[in-house]
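Taken in sequence, the protein lines are chains A and R.
Each residue of the first sequence is one higher than the one before, starting from 834 at the first, in the working numbering.
Each residue of the second sequence is one higher than the one before, starting from 563 at the first, in the working numbering.
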Amino acid sequence: MTGETQPKLRVVVLGGGTAGWMTAAGLVRMLPGLCTVALIESQDIGIVGVGEATLPHIRGFVERLGIDEAAFMKATHATYKLGIDFRDFGRVGESYIHPFGTFGEDVGGIGFHHYWLELQRQGLAAELGTYSLAVAACRANRFAPPSEDSSLGSTYGYAYQFDATLFGPFMREFGTANGVTRHEGLVTEVERDPESGDVTALILKDGRRIEGELFVDCSGFRSLLLGQELEEAWDDWTHWLPCDRAAAMPCTHRTSDIRPYTIATAMPAGWRWQIPLQHRMGNGYVFSSAHIGEDEACEAIRNSAEGDPLADPRILKFRPGRRTKSWSHNVIGVGLASGFLEPLESTSIYLAQMAITYLIELFPTDGRIDPRDRDEFNRLVDMEYDRVRDFLILHYNATTRDDSDFWNHVRTMQVPDTLADKLELWKRTGRIEKYSEGLFYDVSWMAVYLGQGLLPEAHDSRVSLPDPQRVAGAMERLQREIDAHVAAMPGHVDYLTREAARLAQAA
Amino acid sequence: MSEARQRLRRICIAGAGQVGVIAALALRRALPDCEVVVLGLPGDPAAFADRAATALPTSNRLHDRLGVDEGLIVQKAAGSHRLVSRYFGWGEEGRSGAMPHGAQVDPKLRTRFASEWGGGERDGGKAAPGSLAEVLANAGRFAVPPGDRATPLDDIDYALRWNMQAYRDLLVGMAQQAGISYAQGQIAGLETDGAGGLAAIAVEGQGRIEAELFLDCSGPAARLLSALPGARRADWGAYLPVRRVLYGKPGQGMLALEDRFSLLPEGWLLEFAGVDGLQGSMGLGEGVAEDAALRALQAEPAEMVAVRPGAAAQAWVGNVVALGDAAATFEPLGHLNLDLAHRQLMLLLEMLPGAQIEPLERAEFNRRAALMAANVRDVLAMHYAAPRARAVFGEQPLPETLAHLLDQFTRRGRLPFREEGGLLNQEYTALLSALGFASGTTPQSLAQDPREADAARAAFEAQAQAALQFAPPYQQFMAQMLNPQPQGMAGDLQY
Chain A
834 MTGETQPKLR VVVLGGGTAG WMTAAGLVRM LPGLCTVALI ESQDIGIVGV
884 GEATLPHIRG FVERLGIDEA AFMKATHATY KLGIDFRDFG RVGESYIHPF
934 GTFGEDVGGI GFHHYWLELQ RQGLAAELGT YSLAVAACRA NRFAPPSEDS
984 SLGSTYGYAY QFDATLFGPF MREFGTANGV TRHEGLVTEV ERDPESGDVT
1034 ALILKDGRRI EGELFVDCSG FRSLLLGQEL EEAWDDWTHW LPCDRAAAMP
1084 CTHRTSDIRP YTIATAMPAG WRWQIPLQHR MGNGYVFSSA HIGEDEACEA
1134 IRNSAEGDPL ADPRILKFRP GRRTKSWSHN VIGVGLASGF LEPLESTSIY
1184 LAQMAITYLI ELFPTDGRID PRDRDEFNRL VDMEYDRVRD FLILHYNATT
1234 RDDSDFWNHV RTMQVPDTLA DKLELWKRTG RIEKYSEGLF YDVSWMAVYL
1284 GQGLLPEAHD SRVSLPDPQR VAGAMERLQR EIDAHVAAMP GHVDYLTREA
1334 ARLAQAA
Chain R
563 MSEARQRLRR ICIAGAGQVG VIAALALRRA LPDCEVVVLG LPGDPAAFAD
613 RAATALPTSN RLHDRLGVDE GLIVQKAAGS HRLVSRYFGW GEEGRSGAMP
663 HGAQVDPKLR TRFASEWGGG ERDGGKAAPG SLAEVLANAG RFAVPPGDRA
713 TPLDDIDYAL RWNMQAYRDL LVGMAQQAGI SYAQGQIAGL ETDGAGGLAA
763 IAVEGQGRIE AELFLDCSGP AARLLSALPG ARRADWGAYL PVRRVLYGKP
813 GQGMLALEDR FSLLPEGWLL EFAGVDGLQG SMGLGEGVAE DAALRALQAE
863 PAEMVAVRPG AAAQAWVGNV VALGDAAATF EPLGHLNLDL AHRQLMLLLE
913 MLPGAQIEPL ERAEFNRRAA LMAANVRDVL AMHYAAPRAR AVFGEQPLPE
963 TLAHLLDQFT RRGRLPFREE GGLLNQEYTA LLSALGFASG TTPQSLAQDP
1013 READAARAAF EAQAQAALQF APPYQQFMAQ MLNPQPQGMA GDLQY
């Protein structure tokens, strides 16, 4: 700020997947005066390209980089996403939508769901989703951006469903245009300072030596730096989240309509996704290899996929868990190298973005890493992972399914204490532990609890005070308002077409 | 099938200070068919939440919710508005800084992070003086925005001051109207319920008061809570050095948009600008002689009060919930006493139990209430960690959470997120700056394009000008509040 010139920190990003290019683009764009960014990637290594579906936070990231939304969506064949439709999770044949939005309104400081529970007891309530604008829009296949006032039209957010194999390259193009130096090659050797143990340079197969002061490990599950070189321990969560494989199979669209939401359908040994993009339908079976073989899983996705296959199923392997430290020495893990939960609830791109955000916040400003900032980074990353973990486990544990070994396992397993307390508080009182930091807040918890049929035994004592007919009347008015609002929204495909036309005109 | 929980049928509130009365009113409003009994106990001068004549903006929200009319507070209880607290001499002698209420600060002084990464309250936000509130306080101009149309003052937040007796009378009147019953007397004994809580309070000469839920609003003695076997107290004495608070007699009435906290060699001095009188009070350092303190107070002394800072480790034990000084007692520095009491009351309203209390809801209340209290402790300790305060009060150890916050702020210009924080990030930042903590530089600000900052600065200037033009002199606004124009002219009223 005072014009003193600090030599720029040399950041080396290892890995050219989604996390790698997001990191490189974020750093070069947000901290241009503080660092130079080099990225090493190899065409010999495929990218996992996880996260076809995202969370609303991605919009802030794209926007801050100064990228036009329509251009970004065109390049990644993106569609809008208002939530996830979970099918067969709580019980076969039942479904619910977890929206990026609210349900009803709190009245008198009491959460909407308490009123809903009371009316439901009296047989006066409609299905919960009918009180959510985002859910209603999903069901009508309609989309419009939320309004910015505090009206009904502002009660939701949105994210994107995009082609993850195109998102990385899009960020690559953006990053290199903004000053990221790209090195093509395989890393064969890691040079470290004999005293501090810090990484000093990466040696490529052809002998090139890429030096740096800060290394970001985006090498995926191989975790070349954080895992292999620094041997940071991995906290394995397979016992809580047993899914460790996915069989992905892109298909054609079956109809001209495109849903503004993702479908997650529970399967005998996991669940499968249906993610509609502009040009195709993403399908995949996320499964537990302890409960089903790869061939069988591929067969299952072939049989259940929506649309005609565009390719054979491809198997992706992953491990749910996280490194005990995501920042060690001068190496920071972002993306799969640091941790992964599983694709349910589309958290993987968020978790990469979260780590990048904290890295920017805690980036060394005087040329050296302060251990206190490293500790703070690790504290924040751990908090985020642990809270998301409990929320994901809930999707499996809150079930009555007993039709397979997999569901028997997740239904009866011992959950983390932190989750056990949340569940018990919910069951006894219909209340949800309140946090304002982290990813999923009380509305999301409520959507999953109730969506999966986990009704509490009791709810707030005060909701039986007002005349039930009056409450029912107010709730019907809300439904009518929601219906009218949704009816005035353009269809999802219409909106996408309109945006594409706007982009073409601007160009 | 989920059933509505059995409603509480009978609640007893021990303590009839302003904390107990507003709690009774709030519970009665929440549960109109619940019998609410207030037991008036002899007042304790060290019940700082009960004697506070002000709170923070959150309390305005509580007033709204309970139907406590702000206009009435102004008219009947010597109410007035505070936009900023000004701090003199905490960082270094002769330097001052202002802490505004609310988040309307000069954007140039905020990091890019706040606005750009959608961080909102969780940002690494940094805001030095330079708020709209301070601009208005400096000019002595303000009006409460009318609410029915957009004005340049809409984003200004303010705290109310009042005359404590008159304010309490106002609440008592409302409580009576709401059908709350009142008993007065000495506690003769407490009957436990065999489940870690209370069954009844025996009142001298008046029999027993039974209830399903008891609120302990009895002040620092925590008459109910402290009698329960599960009650434990966290002592804050190691972090907070003040053991005596000296109150002066109120002087001449004042109409001002600010209160002042000055650091003197004898301790801190609060000059509280009440409409009913400017009142000085002092938090004294250890070993300061009384006559030296009296000279520093520059007013006639009224009262010396001992303070033993600390908080209940669990504010809710069995069926007893402590509020106010029974839950956390500390010196009246920063106007936090009643604010904390009101926020913990709002938490109780949010988590209002049924007749049968669930252990996990108690645990969740206690988790959040303890975070609220710990954040208050840290804000107080932050004052004593200010550069000059360390010379006046001596070096105190810092709570770990505060050490973390100060380290991140001074080295990096970053505020770690605090659950149940109470103050906005912008308020924290302004307070830190007013206390003389220099903010570290954020990586984002190093990378900021100066033109962007200039544009933001210009926008703020324009906002400030609009606010100044719109707001009348505060005296004029108050004259209108106190002598409202006849109905027919309301439409012509121009601030």
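For each residue, glycine too, the CB sits at the ideal point set by N, CA and C.
The structure displayed is predicted, hence computed values, not measured ones.
Asked, Found
"How many angstroms separate the CA atom of alanine 873(R) from the CA atom of glutamine 1006(R)?", "39 Å"
"Does the beta carbon of glutamine 906(R) come closer than 8 Å to any beta carbon on chain A?", "no"
"Classify aspartate 1077(A): buried if its beta carbon has 16 or more other beta carbons within 10 angstroms, exposed otherwise.", "buried"
"By alpha-carbon positions, which one of Pro889(A), Val844(A) and Val1049(A) ends up nearest to proline 978(A)?", "Pro889(A)"
"Among Arg567(R), Leu587(R), Ala861(R) and Pro708(R), which has the Cα closest to the Cα of proline 1034(R)?", "Pro708(R)"
"Tyrosine 1036(R) bridges to which residues according to DSSP?", "None; tyrosine 1036(R) has no bridge partner."
"Would you identify the three-state DSSP class for valine 734(R), choosing helix, strand or coil?", "helix"
"I'd like to know whether the C-beta atoms of arginine 862(A) and glutamate 1046(A) end up nearer to each other than 8 Å.", "no"
"Please check if any C-beta of chain A sits within less than 8 Å of the C-beta of serine 564(R).", "yes"
"How about arginine 822(R) and phenylalanine 650(R): do their beta carbons lie closer than 8 Å?", "yes"
"Give the DSSP-derived three-state secondary structure of tyrosine 929(A) in the structure shown.", "strand"
"So leucine 601(R) packs on alanine 745(R), CB below 8 Å; how close in whole Å?", "5 Å"
"Please decide whether aspartate 969(R) counts as near chain A, where near means a Cβ-Cβ distance under 8 Å.", "yes"
"For chain A, is any of its Cβ atoms less than 8 Å away from the one on glycine 916(R)?", "yes"
"Are the C-beta atoms of threonine 713(R) and some chain A residue less than 8 Å apart?", "no"
"Would you give the residue range spanned by the beta strand (DSSP E) that glutamine 994(A) belongs to?", "992-994"
"Using a cut-off of 7 Å between C-beta atoms, extract the partners of glutamate 912(R) located in chain A.", "Gly942"
"Distance cutoff 8 Å, beta carbons only. Does threonine 963(R) sit that close to anything in chain A?", "no"
"What residues are listed by DSSP as bridge partners for serine 1161(A)?", "Val1164(A)"
"Could you check where the alpha helix (DSSP H) with proline 949(R) kicks off and where it finishes?", "949-955"
"Note down, in chain order, each residue of its chain lying with its Cβ closer than 7 Å to the Cβ of glutamine 580(R), except the 5 sequence neighbours on either side.", "Asp612, Met726, Tyr729, Arg730 and Leu733"
"Would you say valine 869(R) and valine 804(R) are within 8 Å of each other, going by their C-beta atoms?", "yes"
"Using DSSP bridges, identify the partner residues of tryptophan 830(R).", "Leu825(R) and Gly845(R)"
"Could you please give me the residues that DSSP links to histidine 643(R) through a beta bridge?", "Leu722(R)"
"For aspartate 1090(A), collect the residues of the same chain with a Cβ closer than 7 Å to its Cβ; drop the 5 residues on either side in sequence, then sort them by chain order.", "Asn974 and Val1326"
"Starting from cysteine 971(A), follow the alpha helix (DSSP H) in both directions and report where the run begins and ends.", "966-972"
"Cutting at 6 Å between CB atoms, please list the residues of its own chain near isoleucine 584(R), excluding the five before and the five after it.", "Leu733"
"Mapping the DSSP letters down to three states, classify lysine 1255(A) as helix, strand or coil.", "helix"
"Quick one: which residues of the segment 982-1008 of chain R get their C-beta closer than 7 Å to a C-beta of chain D? List them in chain order.", "The structure shown has no chain D; the protein chains it does contain are A and R."
"Hey, would you say the C-beta of leucine 624(R) is under 7 Å away from at least one heavy atom of the ligand ATP?", "In the structure shown, the ligand ATP is absent, as is every other ligand, since no ligand is present at all."
"When Cβ atoms are compared, which residues of the segment 900-927 of chain A fall closer than 8 Å to chain R?", "none"
"What's the C-alpha gap between isoleucine 742(R) and leucine 587(R)?", "8 Å"
"At least one CB of chain R closer than 8 Å to the CB of valine 1296(A): is that the case?", "yes"
"Closer than 9 Å between beta carbons: that is the criterion. Which residues of the segment 966-997 of chain A meet it against chain R?", "none"
"Would you say alanine 805(R) faces chain A, with C-beta separation under 8 Å as the test?", "Note on residue identity: the sequence assigns arginine, not alanine, to residue 805(R). It does not: the Cβ of arginine 805(R) has no partner Cβ on chain A nearer than 8 Å."
"So with Cβ pairs under 8 Å, would you call leucine 922(R) a contact of chain A?", "yes"
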